[in-house]
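Q:
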Amino acid sequence: MKDCERVQESLGGWLDGELSSTDSDWVRAHLGGCGDCREAQRRLEKITLVLHGALASEGRNIEFLPFWHAVERRIAEKRPWHVELRDWARGTFSAPRIAWAVPAAIAAAIVLFSVNSYFSSWRGSGARNNFTSVDSIDAYGQNVALLREDDTKTTLIWLYQNQEGENETTEEPPQSAPAF
Amino acid sequence: MELTDWELVRKCQAGEMSAFQDLVSRYHQKVFMVILGLLRNRDDALEVAQETFFRAYRKIGGFQGGSSFYTWIYRIAVNLAIDAQRRQKRNPLDFRENMDGVLESQDEVARDPFADVHDKELRENLIKAINDLTPEHKAVIVLRTIEGLSYKDIGAILGCSEGTVMSRLHYARKKLQDKLSSFL
Amino acid sequence: MKLLKNLPSRLLLFSLLSAVAAGVLGAAEKQPQSVQVSIGTILASNQSDEFDAKLKGLESQLRVLKYRSYRLLKNESQNVPWQGNKAFEIPGGRFLTVAPQEFRDNRISLRVRLTQGQKPLLDTTVRIPNRGNFLLGGPPHEGGALVLSISAATQ
């Protein structure tokens, strides 16, 4: 039974002459002794014959000269640019042909975007300049200091705020004033 | 002595329209048969076949002979037919003559030496079954049936491997046999 | 090769699709939906030599201040919409209000206001690198000073 399955799977290839000589001999030998597989062969050949007959008869109905004149007319006429563009787009953007392009384009876009993000972050705030920059400060009359430290890329805004209850500065610096 | 396809192509590329006419003469029936097998409608098939040769004329300057001419022309034909079929599916049916009606015609069929077409029902159901196949499966069946092209040539036309051609043919034939089992 | 046979059309199609996809992604990059703002509230003082292990990531920045002790009091994160604002409670009856303004060149423009009760102490507008931070310090607290590490990241 298993042989019959394999033979019937190979019947098409055998009838088409596409099997290797070894496989072909094996199929032929099996068909010689198996009625079921010979019946499968008959059905396959009949389908092929009927379809060929139907299509071939129609093909013979096509007269050459009217066909050729129609082709000549197409060659002679100038098509509007939008028709040319539509035909080009239909041919280029049809599903099987863009199947490869879509994932490739997505992959390329992701790579481009990642590279761009990497370089822009590097450019914007990487090795050369990743400081926080201060556009404006308003301390409402209190003293404020702005420190930028290169080695650690630190931006510090320090508000010199009086301790609660104190209205005048003292000689000693308040606890809140850092040494930097 | 008859010129080869390639010699005719070279003459076309040099501007000889008569050479292109010879090529059309050689292949117009076969191209039409392939397209008719893919589209149900005779008028549509005729139009697509004419468009195939028009496109071939436009592109023949770029044909380098990397494949055979017939592989190249069939590729154009099949692609146009598949595109037309997809457009057909989106558009409402019209009432032009379709292939069912064509196959009703008995005269040609009776004289056809190949056609074992005594069974009208088998023909009608075969065409319906073919039309239920996907465009890719239909293409392999039609190319193999009409032209007896090798799997390699069919693969070159459809842009797929021989293995894919074999598996599509197997699938298509199995589908047809399943649907037509009572008629065979 | 089959691929080379239609190379001009395929290249054009590939370029078009890449440009469209990159444009979409680029546009998406320019319009992040919100900003996650994190505020670390740190007590800096000279009352001990303790360095809170939780502040390891900020050690090099905090050492600029020359205090001997640093302790993390709290860490809070909130998502803040663009042009919106959120207030973070700071010890000592203070609030830090943060308002993201725009995102450009991978930097987040932030308006920051420190208040004590209703009284504004400091207004500043800074541009922080995305996922970067800056320090705002000075308000006295428990014998030392508060240091706020303010960081922002687009969402």
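Chains as they are written, first to last, in my numbering: chain U, 1 to 180; chain D, 1001 to 1184; chain V, 2001 to 2155. Cβ coordinates follow ideal geometry from the N, Cα and C atoms, glycine included. These numbers come from a predicted model, not from an experiment.
1. D/L1023 and D/L1008: beta carbons closer than 8 Å?
2. Starting from D/I1146, find everything on chain U with Cβ-Cβ shorter than 9 Å and list it in chain order.
3. Please work out which residues of its chain come closer than 8 Å, Cβ to Cβ, to D/D1107, disregarding the five sequence neighbours upstream and downstream, and give them in chain order.
4. Could you check if U/A139 is buried or exposed, using at least 16 other CB atoms within 10 Å of its CB as the buried criterion?
5. Contact criterion: CB-CB distance below 8 Å. Does U/S133 meet it with respect to chain V?
6. Can you give me the start and stop residues for the beta strand (DSSP E) that V/I2042 sits inside?
7. Interface residues of chain V around U/L156 at Cβ under 9 Å?
8. Helix, strand or coil: which one does DSSP assign to D/E1097?
9. Starting from U/E210, find everything on chain V with Cβ-Cβ shorter than 7 Å and list it in chain order.
10. What does U/A40 reach in chain V if we use C-beta pairs closer than 9 Å?
11. Within this structure, are the beta carbons of V/V2147 and V/K2086 separated by less than 8 Å?
12. Evaluate D/R1058 with the Cβ neighbour count: other Cβ atoms within 10 Å of its Cβ, from every protein chain shown; 16 or more gives buried, anything less gives exposed.
13. Residues in its own chain within less than 6 Å of U/K78 by CB, not counting five upstream and five downstream?
14. Of all the CB atoms in chain V, is at least one closer than 8 Å to the CB of U/D87?
15. What does V/E2089 pair with, by DSSP beta-bridge criteria?
16. Classify D/Q1064: buried if its beta carbon has 16 or more other beta carbons within 10 angstroms, exposed otherwise.
17. Mark D/A1056 as exposed unless 16 or more other C-beta atoms lie within 10 angstroms of its C-beta, in which case mark it buried.
18. By the criterion of Cβ-Cβ separation under 8 Å, what are the contact partners of V/F2014 in chain U?
19. In the DSSP assignment, what residue or residues form a beta bridge with V/L2136?
20. Does U/R128 get closer than 8 Å to chain V when you measure Cβ to Cβ?
21. Per the contact definition of three or more C-beta pairs closer than 8 Å, is the region 1073-1083 of chain D in contact with the region 1025-1038 of chain D?
22. According to DSSP, simplified to helix, strand and coil, what is D/K1175?
23. Using a C-beta cutoff of 8 Å, does D/H1137 count as contacting chain B?
24. For U/H69, collect the residues of the same chain with a Cβ closer than 8 Å to its Cβ; drop the 5 residues on either side in sequence, then sort them by chain order.
25. Residues of the region 1162-1175 of chain D with a CB closer than 7 Å to any CB of chain U: list them in chain order, please.
26. Go to V/T2124, then tell me how far its beta strand (DSSP E) extends in each direction, as first and last residue.
27. To the nearest whole angstrom, what separates the beta carbons of U/R43 and D/L1184, a pair I think is in contact under 8 Å?
28. Any idea if D/R1144 is buried or exposed, counting beta-carbon neighbours within 10 angstroms, 16 or more meaning buried?
29. Indicate the three-state DSSP secondary structure (helix, strand or coil) for V/Q2116 in the structure shown.
30. Let me check understanding here. Comparing Cα to Cα, which of U/H82, U/T132, U/A107 and U/Q142 lies closest to V/D2105?
31. Pick from V/S2149, V/A2153, V/L2136 and V/R2111: whose alpha carbon is nearest that of V/P2129?
32. If distances are taken between C-alpha atoms only, which option among V/Q2155, V/L2110, V/D2123 and V/H2141 comes closest to U/N143?
33. Per DSSP, which residues does V/A2153 bridge with? Please list them.
34. Counting only C-beta atoms, is U/V144 closer than 8 Å to chain V at any point?
A: This is what the structure holds:
1. Against the second sequence, residue 1023 of chain D aligns to sequence position 23. Against the second sequence, residue 1008 of chain D aligns to sequence position 8. For D/L1023 and D/L1008, yes; Cβs fall inside 8 Å.
2. Your numbering for residue 1146 of chain D matches position 146 in the second sequence. Think of a sphere of 9 Å around the beta carbon of D/I1146: the chain U residues whose beta carbon falls inside it are L51, H52, L55, A56 and G59, in chain order.
3. Reading the second sequence from its first residue, position 107 is the one you call residue 1107 of chain D. Here D/D1107 scores only 40 on pLDDT, less than 50, and its place in the model should not be relied on; the value that follows carries that caveat. No residues qualify anywhere along the chain.
4. Mapped onto the first sequence, residue 139 of chain U falls at position 139. That one is buried.
5. To locate residue 133 of chain U, count along the first sequence from 1; it is residue 133. Output row for U/S133: interface = yes.
6. Within the third sequence, the letter at position 42 stands for residue 2042 of chain V. That run of the beta strand (DSSP E) goes S2034 to S2045.
7. Taking the first residue of the first sequence as position 1, residue 156 of chain U is located at position 156. Q2061, V2064, L2065, F2134, L2135, L2136, G2137 and V2147, listed in chain order.
8. Within the second sequence, numbered from 1, the residue matching residue 1097 of chain D stands at position 97. Model confidence at D/E1097 stands at a pLDDT of 40, short of 50, so the residue's coordinates are unreliable; what they give is reported in the following sentence. The DSSP-derived three-state label of D/E1097 is coil.
9. Not covered by the structure: residue 210 of chain U. The range shown for chain U is 1 to 180.
10. Position 40 of the first sequence holds residue 40 of chain U. Per Cβ cutoff of 9 Å: no residues; U/A40 is ~35 Å from chain V at best.
11. Taking the first residue of the third sequence as position 1, residue 2147 of chain V is located at position 147. Taking the first residue of the third sequence as position 1, residue 2086 of chain V is located at position 86. Going by C-beta atoms, V/V2147 is not nearer than 8 Å to V/K2086.
12. Against the second sequence, residue 1058 of chain D aligns to sequence position 58. Under the 10 Å beta carbon count, D/R1058 is surrounded by fewer than 16 other beta carbons and is classified as exposed.
13. On the first sequence, position 78 is the one that residue 78 of chain U refers to. If the five residues before and after U/K78 are omitted, its C-beta is found closer than 6 Å to no C-beta atom of its own chain.
14. If you number the first sequence from 1, residue 87 of chain U lands on position 87. Cβ-Cβ to chain V under 8 Å: no for U/D87.
15. The count along the third sequence starts at 1 and reaches residue 2089 of chain V at position 89. Looking at the DSSP assignment, V/E2089 forms a beta bridge with V/F2095.
16. Taking the second sequence and counting its residues from 1, one reaches residue 1064 of chain D at position 64. Here D/Q1064 is exposed: its Cβ has fewer than 16 other Cβ atoms, across all protein chains shown, within 10 Å.
17. Within the second sequence, the letter at position 56 stands for residue 1056 of chain D. Label assigned to D/A1056: buried.
18. Counting from 1 along the third sequence, the entry for residue 2014 of chain V is found at position 14. Those are A101, A104, A105 and A108, listed as they occur along chain U.
19. Indexing the third sequence from 1 puts residue 2136 of chain V at position 136. DSSP, once it has assigned bridges, lists U/I157 and V/L2148 as partnering V/L2136.
20. Within the first sequence, numbered from 1, the residue matching residue 128 of chain U stands at position 128. In this prediction, U/R128 scores a pLDDT of 46, lower than 50, which makes its location untrustworthy; no coordinate-derived value is stated.
21. Look at the beta carbons and you see the region 1025-1038 of chain D touching the region 1073-1083 of chain D: at least three pairs across the two are nearer than 8 Å.
22. Here residue 1175 of chain D is taken as the residue at index 175 of the second sequence, counted from 1. DSSP places D/K1175 in the helix class (H, G or I) of the three-state scheme.
23. Among the protein chains of the structure shown, namely U, D and V, there is no chain B.
24. Walking along the first sequence from the start, residue 69 of chain U turns up at place 69. Spatial neighbours of U/H69 in its own chain (CB-CB distance under 8 Å, excluding positions within 5 residues in sequence) are not present.
25. Taking a C-beta cut-off of 7 Å against chain U, the contacting residues of the region 1162-1175 of chain D are M1166, L1169, H1170 and R1173, listed in chain order.
26. Translated into the one-based positions of the third sequence, residue 2124 of chain V becomes position 124. Looking at the DSSP string, the run of the beta strand (DSSP E) that includes V/T2124 is K2119 to P2129.
27. Counted from its first residue, the first sequence places residue 43 of chain U at position 43. Counted from its first residue, the second sequence places residue 1184 of chain D at position 184. Rounded to whole angstroms, the Cβ separation of U/R43 and D/L1184 is 4 Å, and the two are in contact under 8 Å.
28. Counted from its first residue, the second sequence places residue 1144 of chain D at position 144. Its Cβ being crowded by 16 or more others within 10 Å, D/R1144 is buried.
29. Sequence index remark: in the third sequence, residue 2116 of chain V carries index 116 (1-based). Three-state result, V/Q2116: strand.
30. The count along the third sequence starts at 1 and reaches residue 2105 of chain V at position 105. Looking at the Cα atoms, U/T132 is the closest of the given residues.
31. Position 129 of the third sequence, counted from the start, is the residue given in the question as residue 2129 of chain V. Relative to V/P2129, the option among V/S2149, V/A2153, V/L2136 and V/R2111 whose CA is nearest is V/A2153.
32. Start at 1 with the first residue of the first sequence, and residue 143 of chain U comes out as number 143. Minimum Cα distance to U/N143 is reached at V/D2123.
33. Position 153 of the third sequence, counting from 1, holds the residue named residue 2153 of chain V. Paired residue(s): V/Q2036.
34. Here residue 144 of chain U corresponds to residue number 144 of the first sequence, with the count starting at 1. Taking 8 Å as the CB threshold, U/V144 lines the interface with chain V.
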